[in-house]
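Q:
Residue numbers (this note's numbering): 1 to 419.
#1: So, under 8 Å CB-CB, residue 412 and residue 124 are touching, yes? Tell me the CB distance rounded to an integer number of Å.
#2: With a 10 Å radius around its C-beta and 16 neighbouring C-beta atoms as the bar for buried, classify residue 379 as buried or exposed.
#3: Below 8 Å, how does it come out for the region 313-331 and the region 264-282: are there three or more Cβ pairs, yes or no?
#4: Among residues of its own chain, excluding the 5 on either side of residue 315, which ones have a beta-carbon nearer than 8 Å to its beta-carbon?
#5: Does the distance from the C-beta atom of residue 330 to that of residue 303 stay below 8 Å?
#6: For residue 343 and residue 137, what's the separation of their Cα atoms in angstroms?
#7: So for residue 382, helix, strand or coil by DSSP?
#8: Return helix, strand or coil for residue 93, following the three-state DSSP convention.
#9: DSSP three-state call for residue 208: helix, strand or coil?
#10: So residue 186 is in the beta strand (DSSP E); what residue range does that whole segment cover?
#11: Just to confirm, is the Cβ distance from residue 99 to residue 90 under 8 Å?
#12: What did DSSP end up calling residue 334 once you bin it into helix, strand or coil?
#13: In three-state DSSP terms, what is residue 367?
#14: Excluding five sequence neighbours on each side, which residues of the same chain lie with their C-beta closer than 7 Å to the C-beta of residue 318?
#15: Could you give the distance in angstroms between the alpha-carbon of residue 275 and the alpha-carbon of residue 306?
#16: Between which two residues does the beta strand (DSSP E) containing residue 66 stretch?
#17: Would you report the Cα separation of residue 321 and residue 410, rounded to the nearest angstrom?
#18: Just reading off the beta strand (DSSP E) that residue 110 is part of, what are its end residues?
#19: Taking the beta carbon of residue 213 as the centre, do at least 16 other beta carbons fall within 10 Å, making it buried, or is it exposed?
#20: Between residue 207 and residue 221, which are expected to be in contact by the criterion C-beta below 8 Å, what is the C-beta distance as a whole number of angstroms?
#21: Under a three-way DSSP split, which group does residue 133 fall into?
#22: Taking residue 265 as part of the beta strand (DSSP E), name the residues at either end of that continuous run.
#23: So, residue 130 versus residue 155, is the Cβ gap smaller than 8 Å?
#24: How many angstroms separate the CA atom of residue 197 from the CA atom of residue 185?
#25: Going by DSSP, name the residue or residues bridged to residue 177.
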């Protein structure tokens with residue numbers, strides 16, 4: 001059956017979705033003193049908000065911070081409570097001069113300062129922070145194409161194997177370094193430098209990563225559609241195992257591939273390893289039509305998701321049917337550690353759904369300069385995998401104008417580990 005781009009979009013129901021540009025940036029005044037990993041207020045408790053038992057397995061959405069009296073106050077939208085939470089920040093973190101969020105994993109945020117390259121893990125609930133090793137001396141990937149404008153003092157994504165508060169010795173942090181060109185890892189509480197891991201005979205680039213707690217392994221997705229497995233327990237001797245290349249191109253996917261940009265996410269759902277493919281149309285008008293004549297008024301829009309599940313016996317990835325997720329909900333985003341949780345009455349999460357935020361870079365550190373630019377790059381919502389529709393958060397406690405002006409992009413955050 002032939003599809004036109006307009007009919008393809010008409011088959012996708014949307015209910016007032018508004019998104020935001022990415023690159024989470026926070027402005028403060030003073031930077032934290034650099035040094036080896038350490039705690040601040042090890043036993044401090046956030047008194048502004050208490051994560052109840054019901055909240056521990058519930059998603060929060062990290063919103064643009066507020067700046068008050070020279071300090072930075074982090075804001076989160078609690079999905080189950082349908083309200084804004086503002087935990088009391090620690091003094092050291094609230095006074096960071098300039099940071100970009102480069103990871104949200106197991107209740108911790110990875111904050112990177114492009115001013116002094118300071119890299120910090122911060123738990124907004126316990127108010128603990130850990131100074132990570134500097135990324136200044138991380139070498140670029142050997143096969144990377146270097147230019148005079150290339151900067152390697154950046155991180156695409158950071159994920160943790162667990163919370164450092166739970167297992168100080170065995171916790172591992174994995175980063176995809178500058179433009180997806182290299183992997184590096186460390187033990188947050190003990191390492192003084194990052195250990196770079198790559199295949200010197202290859203020019204592989206990396207798209208996403210996830211930790212499989214049951215197997216105690218990291219899985220990493222490459223640009224050439226392969227999944228690598230890494231055992232990072234031995235800091236001096238990381239071990240890599242290749243997983244069979246996956247192929248998701250069918251007749252429908254080929255059309256989607258041509259009309260939109262596919263963004264892949266690695267997700268662990270129970271005992272399953274998934275590749276979740278998000279299809280994003282680049283030019284969509286406010287009325288839902290694609291390729292409008294006035295591209296200045298268009299924006300990016302997610303139009304579809306597909307899920308592939310790894311079959312370890314056959315060594316291949318297979319498509320799943322529309323009812324696969326059942327009572328599960330998946331949360332994906334550019335800098336967020338992908339999470340799959342069960343939808344319950346307590347967490348107010350919709351079953352058989354994919355909650356998504358912006359999946360790609362859409363601008364510089366400031367995330368844009370005017371409303372039109374921001375509107376073009378906003379894309380977050382809920383995808384129903386059963387009926388293939390997209391909707392917005394029905395009871396989101398912000399008006400449309402506030403959503404349109406939101407910058408930087410929201411990031412998924414879980415107050416307590418759920419993976």
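Glycine is no exception: its CB is placed at the ideal position from the N, C-alpha and C atoms.
Every value quoted in this text rests on a predicted model; they were computed, and no experiment measured them.
A: Checking against the coordinates, here is how it stands:
#1: Looking up residue 412 in the chain shown gives position 412. Looking up residue 124 in the chain shown gives position 124. 13 Å between Cβ atoms; not a contact.
#2: Here residue 379 is taken as the residue at index 379 of the chain shown, counted from 1. That one is buried.
#3: Flag = yes, the region 313-331 and the region 264-282 touch.
#4: The residue you call residue 315 lines up with position 315 of the chain shown. Beyond the five residues adjoining it in sequence on each side, residue 315 comes within less than 8 Å, by CB distance, of 243 and 244 in the same chain, given in chain order.
#5: Mapped onto the chain shown, residue 330 falls at position 330. Mapped onto the chain shown, residue 303 falls at position 303. In this structure, the beta-carbon distance from residue 330 to residue 303 does not fall below 8 Å.
#6: Against the chain shown, residue 343 aligns to sequence position 343. Against the chain shown, residue 137 aligns to sequence position 137. Take the alpha-carbon of residue 343 and the one of residue 137: they are about 43 Å apart.
#7: Start at 1 with the first residue of the chain shown, and residue 382 comes out as number 382. Residue state for residue 382 is assigned as strand, using DSSP reduced to three classes.
#8: Here residue 93 corresponds to residue number 93 of the chain shown, with the count starting at 1. Looking at residue 93 - three-state DSSP - the assignment turns out to be helix.
#9: Mapped onto the chain shown, residue 208 falls at position 208. Here residue 208 sits in strand by DSSP.
#10: By 1-based counting over the chain shown, the position of residue 186 is 186. Run containing residue 186: 182-186, per the beta strand (DSSP E) assignment.
#11: Locating residue 99 in the chain shown gives position 99, where the first residue counts as 1. Locating residue 90 in the chain shown gives position 90, where the first residue counts as 1. Going by C-beta atoms, residue 99 is not nearer than 8 Å to residue 90.
#12: For the purposes of this step, residue 334 is identified with residue 334 of the chain shown, where counting begins at 1. Residue 334: coil per DSSP, three-state reduction.
#13: Along the chain shown, one-based indexing puts residue 367 at 367. Bear in mind that the predicted position of residue 367 carries a pLDDT of just 35, short of 50, making it unreliable; the figure below should be weighed with that in mind. Correct three-state label for residue 367: coil.
#14: Along the chain shown, one-based indexing puts residue 318 at 318. So the qualifying residues of the chain are 308, 309 and 311.
#15: Indexing the chain shown from 1 puts residue 275 at position 275. Indexing the chain shown from 1 puts residue 306 at position 306. Residue 275 and residue 306 have their C-alpha atoms roughly 8 Å apart.
#16: For the purposes of this step, residue 66 is taken as the residue at position 66 of the chain shown. 60-68 is the extent of the beta strand (DSSP E) around residue 66.
#17: Working through the chain shown from its first residue, we reach residue 321 at position 321. Working through the chain shown from its first residue, we reach residue 410 at position 410. Answer to the nearest angstrom: the Cα atoms are 29 Å apart.
#18: Sequence index remark: in the chain shown, residue 110 carries index 110 (1-based). Annotation for residue 110: the continuous beta strand (DSSP E) segment containing it runs 108-112.
#19: By one-based count along the chain shown, residue 213 stands at place 213. Exposed, because fewer than 16 other Cβ atoms sit within 10 Å of the Cβ of residue 213.
#20: Here the question's residue 207 lines up with position 207 in the chain shown. Here the question's residue 221 lines up with position 221 in the chain shown. Confirmed, about 5 Å.
#21: Looking up residue 133 in the chain shown gives position 133. If DSSP states are grouped into helix, strand and coil, residue 133 belongs with coil.
#22: Here residue 265 corresponds to residue number 265 of the chain shown, with the count starting at 1. Residue 265 -> beta strand (DSSP E) spans 261-269.
#23: Reading the chain shown from its first residue, position 130 is the one you call residue 130. Reading the chain shown from its first residue, position 155 is the one you call residue 155. The Cβ atoms of residue 130 and residue 155 lie no closer than 8 Å to each other.
#24: As a first step, residue 197 is located in the chain shown; it is residue number 197 there, counting from the start. As a first step, residue 185 is located in the chain shown; it is residue number 185 there, counting from the start. Taking the straight line joining both Cα atoms gives about 8 Å.
#25: Translated into positions along the chain shown, residue 177 becomes position 177. DSSP output for residue 177 lists 155 and 182 as bridge partner(s).
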